[in-house]
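Notes follow once the structure below has been shown.
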Amino acid sequence: MLTDGSRRLVMDIHVNGEIRNVIVRAADTLLHILREQLGLTGAKPGCENGDCGACTVLVNGWPIKSCIMLAVEAVGHEITTIEGLKDTPIQKAFLKKWAFQCGYCTPGFIMNCYALAKIHPDADDTMIQEWLGSNICRCTGYEEINEAIKSVLASNPHLGAKPL
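This is the structure in structure tokens:
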């Protein structure tokens, strides 16, 4: 990291398989940098205090709420946004099960469900409910989202065997 002489840092972050150069203030959140500098708008600003999960991204494969992570904390870590997922089983399951309505919360749910399937491919109902509880949807019930993650877990029992 280098400073540009104005209390901002010039740094590289690893996002969706690419090294990206950004200029940040010490107080900038990862969400802000992803959206404003990198144009990755899939992570949504919702509550901006870590409650709703609309801004969920993966950091080294684990779901993190990017609105409460400082951008400087991303250095040395692999960040994956919804834009970094391509044609994954969970994305297909969300479509097949109609696990969305307005879609604002959907990227956060998909990121969370993707991580759950990778980290806990044998997740039971209690674990699924616990993981889904970290995201909020105001438009619909969670039944379709629950069905989507269950269908992915049931269709590929070895999903978690591969590293993220």
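In the working numbering, each number is its position in the sequence shown, counted from 1, plus 141.
Note that CB positions come from ideal geometry on N, CA and C, so glycine has one too.
On a predicted model such as this, the values are computed, not experimentally measured, just so you know.
Handout entry: Simplified DSSP assignment, three categories, for Arg149
Key = Strand, per DSSP.
Problem - Of the residues Asn297, Ile260, Ile220 and Val216, the one placed nearest Met152, counting alpha carbons only - result: When only C-alpha atoms are compared, the closest one is Val216.
Exercise for the section: Have a look at Ile251 and Arg148 and give me their C-alpha separation to the nearest angstrom. Expected result: When only Cα atoms are considered, Ile251 and Arg148 end up about 36 angstroms apart.
Handout entry: Where Ser296 falls, given that 16 or more other Cβ within 10 Å makes a residue buried
Key = Exposed.
Practice task
Please state if the CB of Val156 and the CB of Thr222 are separated by a distance shorter than 8 angstroms.
Solution key: Val156 is positioned such that its CB atom lies closer than 8 angstroms to that of Thr222.
Exercise for the section: Give the secondary structure of Lys303 by DSSP, where H, G and I count as helix, E and B as strand, and everything else as coil. Expected result: For Lys303, the pLDDT reaches just 41, beneath the cut-off of 50, and the residue's location in the model is therefore unreliable, leaving the point undetermined.
Practice task
Entirely within the region 203-269 and at least 3 residues each: give me those beta strand (DSSP E) ranges in chain order.
Solution key: For the region 203-269, the continuous beta strand (DSSP E) assignments of 3+ residues that do not extend past its boundaries occur at 203-206 and 219-221, in sequence order.
Exercise for the section: Would you mind working out which of Ala264, Ser207 and Gly244 sits nearest Ile220, comparing C-alpha positions? Expected result: Of the listed residues, the one whose Cα sits closest to Ile220 is Ser207.
Handout entry: Between the CA atoms of Ile277 and Phe235 - distance to the nearest angstrom
Key = Rounded to the nearest angstrom, the two C-alpha atoms are 16 angstroms apart.
Handout entry: Residues near Ala264 by beta carbon distance below 7 angstroms, same chain, minus five either side
Key = Non-local C-beta neighbours of Ala264 in its own chain, meaning closer than 7 angstroms and more than five positions away in sequence, comprise Leu257 and Leu294, ordered along the chain.
Handout entry: Same chain only: Cβ atoms within 7 angstroms of Ile174, ignoring 5 sequence neighbours per side
Key = The answer, listed in chain order, is Val163, Val165 and Ala212.
Problem - Under the three-state DSSP convention, the category Leu199 falls into - result: Leu199 carries a strand assignment under DSSP once its states are collapsed to helix, strand and coil.
Exercise for the section: Look at the alpha carbon of Leu171 and the alpha carbon of Gln178, and state the distance between them as a whole number of angstroms. Expected result: So the alpha carbons of these two residues sit roughly 10 angstroms apart.
Handout entry: Beta-carbon contacts of Gly158 that lie in its chain and below 6 angstroms, excluding the five residues immediately before and after
Key = Within its own chain, no residue has a Cβ closer than 6 angstroms to the Cβ of Gly158 once the five positions on either side in sequence are excluded.
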